[in-house]
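S.K.: Mind having a look at this structure? Questions to follow.
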Amino acid sequence: MSEKKENRELPERKKEFRTTVDGTVVNRLYTADDAEEGRQADSALPGEYPYTRHIMPGGYRTRLWTMRQYAGFATVEETNKRYKYLYEQGQTGFSVAFHLPTQEGYDSDHPLSAGEVGRCGVAIDSLEDMERLWEGIPLAEVSTSMTINATAPILLAMYAAAAQKQGAAISRLMGTVQNDILKEYIARNTYIFGPVPSMRLVTDLCAYCAQDMPRWNSISISGYHMREAGATAIQEAGFTLANGIAYVQAMIDRGMAVDSFAPRFSFFFAAYTNLLEEVAKFRALRRIWAKIMKERFGASDPKSMMLRYHVQTDGFTLTEQQPTNNIVRVTLQALAAVLGGCQSLHTNSFDEALALPSEEAVQVALRTQQIIAHESGVTDTVDPLGGSYYIEWLTDRIEDGAMRYINEIDKMGGALQAIEKGYIQREIAASAYSYQRAVDSREQVIVGVNRFTTDDEPSPELLEVGTEVEKRQIANVGRLKQERDNQKVGEVLDRVRDAARKDGNIMPALIDAVKAYATVGEISDALRDVFGEYRETSIL
Amino acid sequence: MTERKVRVLLAKPGLDGHDRGLKVLARGLRDAGMEVIYLGLRLTPEQIAEAALEEDVDVVGLSCLSGAHMVLFPKTVSLIREKGGRNILFIGGGIIPRKDIPALEGAGITRVFGPGTPIEEIADFITENLRRWGVDNQD
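If you're matching them up, the sequences are chains A and B in order. Using the working numbering, you'd call the opening residue of the first sequence number 865 and step up by one each time. Using the working numbering, you'd call the opening residue of the second sequence number 3 and step up by one each time.
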């Protein structure tokens, strides 16, 4: 109450200041009095449960985050060239963007692929493409993240097979597959099958990795796309962790001990421009997950409790107007990710509201990370904002808000049920709509869009993906389908159908199928024969 | 003037799943008093054309953020025009490079709205254009 009185005494430029996470009024000043009792004790040292301050005691003094730029476009040759370029520029890990047909289980020659080939990512139809994608890059030595979900088991099988052909042992491969199907029904929309068979595929992959690919992160439970779809920071935190709970439970339900797989569960979040809220979000996320894993699932391996995550700066915040302003937005967002303690980071390119990023824009994005890492000084000490009255208050608020969502979803029977009821989709749609209203009414300022606008803006040089890419890729997959042993392909696809109908892990059948050069579309069709297809119910 | 509400079909052709903008627009146009048929995503131009004719709409809005707009938008427009007799206003949105806009306009997309466009601007554009067409039709 006292602060309101103070606000009256001091003239301020707005009637009230509110958080964007849940609309709570922000006080003019935070002091030691704002810390809730008992909560500070929670904020143990970095590297100590519940890891609010960082999962490692030394933070970035020990090791910087991985600068991992998501890239992939056109054909495997062009993407391979881009990867080599990024590697020479000092990038320390790869991140593969697949074109939509690969993500949704269609070959490049499918009618639904028309216009999409090589657009949003690289076109991979078969093991042959995967082999060429990594030509000259030793898979035993690099770490690779693949943004792939519905077809994740197929693409992981291809990656493993390509690595084997290079002479690498599967057990040594390092990387991540997104493999998070639940958020596809909520936001990202590259599902193929319904939730139940999809959850089986997700857990098949996780179980396979737990046994045969111990250094591979078998899932990257993602809040990013829900945030992009309109979720607030609290919703992003609550819904992502609710999905995480569903995956852990599904693994336990198939008889796996929590500490046998949970250390390889990883996460993926967005970073918005509201610096302090985002820092608090990451701190709260670490704390909540540690408690869930320890208290709810009885994990005893500290690695099972540590929330390890990748961050991408938020694409939705990039503006088409005055695009160079986006460099500043990305800098603030990347700073939030670093002050929050991420393990890896992708910074967006400033031209991404206009087109796929150009090489110049990609370089600026990577340089942004390098400047933060090597010039800003924020990496010299661990969790430098810890102990700030405001940050600690915000961290508590986000924890409380996210826990309310998790409890609500628990009451519905879990994330799968909440998605089937449309609850999560509705909550996000409502947030997206109220945000748009706030922007349209100029209550939410976006520089260059609804304030500080200019009329004539020079257009930056944009990347173009020509239509000849599609023709070439269609010809490629056509040739492959002629040249390979098609009797063998028929047999391996029968085995995939058979494995899909039975209990037991589907991965071995998929690995045999990709090695016989069965395509993504053919293998997906074999699975469609058994699992059917999911149709969305649009929730506005 | 008739009391019939303006009927708008919104759809995402192709495989792109970014539907935040189109869903927000659907809700916004409804709040602006229009009848919105939200067809959803992962649709072929044929499916959209069929729905547009069946629903007897005044406006078709297409959204694509994957870069496939140059193939999918013109194809959808020409299918609808081939099959239908009525005047339909076509609008588009998404990640559309400016240099693509003249070709899309040439293919029948009357206006392309980029990221950051206020809902009101789109609603006003629809109302104004249909009013003009309505006057033309009465002649």
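We put the beta carbon where it would ideally sit given N, CA and C, even for glycine. Because the structure is a prediction, the values reported are computed rather than measured.
1. For A/V1356, tell me which candidate among A/K1335, A/A1382, A/S1222, A/G1368 has the shortest Cα-Cα distance.
2. Using a Cβ-Cβ cutoff of less than 7 Å, which residues in the same chain neighbour A/P1017 once the five nearest sequence positions on both sides are dropped?
3. What residues match up with B/P15 in a beta bridge as DSSP calls it?
4. For A/A1229, decide whether its Cβ has a neighbour in chain B, counting only Cβ atoms nearer than 8 Å.
5. So, is the C-beta of B/V137 closer than 8 Å to a C-beta in chain A?
6. Taking the alpha carbon of A/V1333 as the reference point, which residue from A/L874, A/D1320, A/T939, A/L928 has its own alpha carbon closest?
7. Using a Cβ cut-off of 7 Å, pull out every chain B residue sitting near A/Q1185, in sequence order please.
8. According to DSSP, is A/K869 part of a helix, a strand, or is it coil?
9. Check whether the Cβ atoms of A/A1296 and A/N1107 sit closer than 8 Å, and answer yes or no.
10. With respect to the beta strand (DSSP E) encompassing A/A1135, which residues constitute its N-terminal and C-terminal limits?
11. Among A/E1307, A/G1265, A/R1290, which has the Cα closest to the Cα of A/E880?
12. Identify every run of the alpha helix (DSSP H) within the stretch 889 to 975 of chain A, keeping only runs that are complete inside it and at least 4 residues long; order them along the chain.
13. In angstroms with no decimal places, state the Cα-to-Cα distance between A/L1327 and A/F1214.
14. Within the 8 Å Cβ cut-off, does B/R100 reach chain A?
15. Using a Cβ cut-off of 9 Å, which residues of the stretch 983 to 1000 of chain A contact any Cβ in chain B, in chain order?
16. So, for A/I1116: in the same chain, excluding its five sequence neighbours on each side, which residues have a beta-carbon less than 8 Å away from its beta-carbon?
17. Is A/Y1173 helix, strand or coil when you go by DSSP?
18. Can a CB atom of chain B be found closer than 8 Å to the CB of A/T1054?
19. Can at least three beta-carbon pairs, one atom from the stretch 1166 to 1175 of chain A and one from the stretch 1215 to 1223 of chain A, be found at a separation below 8 Å?
20. State the start and end residues of the unbroken alpha helix (DSSP H) segment that holds B/H71.
21. Rounding to the nearest angstrom, what Cα-Cα distance links A/T1011 and A/V1041 in this structure?
22. Which of the three DSSP states is assigned to B/E37 in this structure?
23. Give me the DSSP bridge partner(s) of A/N1081.
24. If we count the other Cβ atoms within 10 Å of its Cβ and call it buried at 16 or more, is A/N1350 buried or exposed?
25. In the structure shown, what three-state DSSP assignment does A/I845 receive?
26. Using beta-carbon positions only, say whether B/G110 and B/R134 come within less than 8 Å of one another.
27. Please report how far the alpha carbon of A/A1144 lies from the alpha carbon of A/P921, in whole angstroms.
28. Taking C-beta pairs closer than 7 Å, name the residues in chain A that B/I126 reaches, listed in chain order.
29. Going along the chain, which residues of its own chain have a beta-carbon closer than 8 Å to the beta-carbon of A/Q838, five neighbours each way excluded?
30. Taking the straight line between their C-alpha atoms, what separation do you get for A/Y1072 and A/M931?
31. Would you check if the stretch 1071 to 1091 of chain A and the stretch 35 to 44 of chain B touch, i.e. whether three or more CB-CB distances between them fall below 8 Å?
32. Taking 8 Å as the CB-CB cut-off, is A/P1221 touching chain B?
33. Is there a C-beta anywhere in chain B that falls below 8 Å from the one on A/S866?
34. What are the boundary residues of the beta strand (DSSP E) that includes B/I93?
35. Quick one, which residues of the stretch 1135 to 1165 of chain A are near chain B if we go by CB-CB under 7 Å, in chain order?
36. Which residues in chain B sit within 9 Å of A/V1333, going by Cβ to Cβ distance?
M.R.: Taking the structure as given:
1. A/A1382
2. L1065, D1068, L1069, I1370, M1371, L1374
3. B/L45
4. no
5. A caution first: B/V137 carries a pLDDT of 46, below 50, which makes its placement in the model unreliable, though a value can still be read off. No - not a single Cβ of chain A is within 8 Å of the one on B/V137.
6. A/T939
7. G118
8. Only weak support is given to the placement of A/K869: the predicted model assigns it a pLDDT of 48, under 50, and the value that follows is read from those uncertain coordinates. Reduced to three states, the DSSP call for A/K869 is helix.
9. no
10. 1129 to 1135
11. A/E1307
12. 903 to 906, 923 to 926, 940 to 952, 964 to 968
13. 13 Å
14. yes
15. R983, C984
16. V1122, F1161
17. strand
18. yes
19. no
20. 71 to 85
21. 6 Å
22. strand
23. A/T1040
24. exposed
25. Only positions 865 to 1404 of chain A appear in the structure, and residue 845 of chain A is not among them; the question remains open.
26. no
27. 19 Å
28. First, the amino acid is wrong: residue 126 of chain B is Asp here, not Ile. Per Cβ cutoff of 7 Å: no residues; B/D126 is ~12 Å from chain A at best.
29. The question about residue 838 of chain A has no answer, for chain A in this structure spans 865 to 1404.
30. 27 Å
31. no
32. no
33. Confidence in A/S866 is poor, its pLDDT being 47 and thus under 50, which makes the residue's placement too unreliable to answer from.
34. 91 to 96
35. none
36. In chain order: nothing, as chain B lies at least about 11 Å away.
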